[in-house]
Structures are given as C-alpha cells and as structure tokens.
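Take numbering that gives the first Met the number 0: the final residue in the sequence shown is number 172, and no numbers are missing along the way. We put the beta carbon where it would ideally sit given N, CA and C, even for glycine. Values in this document were obtained by computation on a predicted structure and should not be read as measured data. The structure under discussion appears below in the form of structure tokens.
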Amino acid sequence: MKKTENKQVEKKKRGRPRKNEKETEVAPVKEKANPPKVRYSDEDLEMFYGLILKAKNEATEEVKMLRERIDDLQNAVNSDETMVYSMHMAEQGSEAQEKEKAYAQIQRLNDFVKKLDDALKRVKDKTYGICRICECLIAKERLIAVPVTTLSASYKIRNKCPEDGIDRIEKRN
Ligand SMILES: [Zn+2]
C-alpha cells in the first residue's frame with residue numbers, strides 16, 4: 000500500500016512542475032549586453048612589456064645611484080671630524096637634508112617598481128591595458144605615457160568610462 004503511494008508521488012513530480020517549482024528551473028540564457036571581452040594583441044603586449052621593463056630598469060638604476068650618493072654623504076660626514084665645529088654642523092645639516100630627500104626618492108621609486116612589476120604580471124596574464132572599471136581597452140597613447148595605469152584615459156579626464164567602449168585621449172577645452 001505504502002509503496003504504491005510513493006510511486007504515485009514520484010510520477011507526479013516528473014510531470015509538469017508546479018508553480019513554486021518553476022523557480023528552480025534554469026533561466027534561459029540572456030544575450031549579454033556587454034561587449035565581448037577585449038584584450039591587446041600579443042604583438043602589442045610584447046611592445047608594452049618592453050616599455051615597462053625599460054622603465055623598471057631605469058628606476059632600479061636610479062635607486063642604485065641614490066644609494067651610492069647616500070653612502071658618499073655618509074662617508075663625507077665621517078671624514079669631517081677634523082673640521083671647524085660650526086662649519087661641520089652646517090655641512091652635516093645640509094647633508095642630512097640631502098640624504099632625507101634621497102631616501103624619500105628611493106621610496107617613491109620602489110613603489111613605482113612594484114607597480115611596474117604588477118604591470119608586467121598583467122602582460123603575462125594578457126590582462127594588461129584593460130580598464131579596471133569598465134574592462135575597455137585603455138588607449139595605447141595613455142599606456143605608453145603611463146604604463147602602470149589601470150584606468151582609461153576617459154576616466155582620468157572626465158571621470159567617466161567611454162560609453163562606446165572605445166577609449167580616447169581627448170584634450171580638455
Ligand atoms: Zn573604464
């Protein structure tokens with residue numbers, strides 16, 4: 000008796016779904032309003048990779064020079080022991096200032112190198128040059144000028160991503 004009851008229930012389930020069951024049905028795939036995902040060609044990515052690497056090498060070289068300059072300043076301070084007291088103090092003051100400036104510059108350069116490394120990683124992932132807000136391709140000229148950017152020129156200039164998905168560098172009038 001019980002067995003037949005169960006069978007009947009199952010049969011009912013397999014039939015037309017009841018109203019409240021419809022919700023679990025897979026919704027028909029809608030046409031995506033967004034344009035298909037875009038990316039720069041391998042050739043372009045290779046060009047950008049070279050640019051980023053060049054910028055990184057330059058920044059790394061500058062850090063090296065600044066460190067050498069700091070060492071020189073340190074050595075100068077150490078060899079100044081025999082100088083007249085007042086002069087020594089003045090020298091030390093300006094040297095300390097220059098050292099401080101050099102350290103700050105090193106910090107800025109290291110931050111920049113980190114951003115360049117991130118950009119190199121994006122090139123390898125083939126996601127380089129894509130606006131992080133609207134996923135449009137960032138204008139090539141902008142990437143060449145600011146290789147670490149993840150925002151379109153449109154966004155930078157007008158605080159708005161390009162509506163047609165084509166980033167342009169427009170001069171402000
Ligand atoms: Zn955008």
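Hey, I105 and A138: beta-carbon distance below 7 Å or not?
-> Locating residue 105 in the sequence shown gives position 106, where the first residue counts as 1. Locating residue 138 in the sequence shown gives position 139, where the first residue counts as 1. In this structure, A138 does not lie closer than 7 Å to I105 by Cβ.
Of the choices D70, G128, E94, whose alpha-carbon is the least far from that of I143?
-> As a first step, residue 143 is located in the sequence shown; it is residue number 144 there, counting from the start. Ranking D70, G128, E94 by Cα distance to I143 puts G128 first.
Assuming K125 contacts R38 under a Cβ cut-off of 8 Å, what Cβ separation, rounded to an integer in Å, is found between them?
-> Residue mapping note: residue 125 aligns to position 126 of the sequence shown, counting from 1. Residue mapping note: residue 38 aligns to position 39 of the sequence shown, counting from 1. 5 Å between Cβ atoms; contact.
Do L108 and V62 come within 7 Å of each other at the CB atom, strictly closer than that value?
-> Against the sequence shown, residue 62 aligns to sequence position 63. Against the sequence shown, residue 108 aligns to sequence position 109. In this structure, L108 lies closer than 7 Å to V62 by Cβ.
Determine the direct distance from the alpha carbon of Q73 to that of P161, and round the result to whole angstroms.
-> Numbered from its first residue, the sequence shown carries residue 161 at position 162. Numbered from its first residue, the sequence shown carries residue 73 at position 74. C-alpha separation (whole angstroms): 52 Å.
Simplified DSSP assignment, three categories, for I132 | One-based indexing of the sequence shown puts residue 132 at position 133. Here I132 sits in coil by DSSP.
Return helix, strand or coil for K6, following the three-state DSSP convention.
-> As a working mapping, residue 6 is identified with position 7 in the sequence shown. Note that K6 scores 49 on pLDDT, short of 50, meaning its location in the model is unreliable and no value can be drawn from it.
In its own chain, which residues sit with a C-beta less than 8 Å from the C-beta of I132, not counting the 5 before and 5 after it?
-> Position 133 of the sequence shown, counted from the start, is the residue given in the question as residue 132. Only L150, S151, Y154, C160 meet the Cβ criterion.
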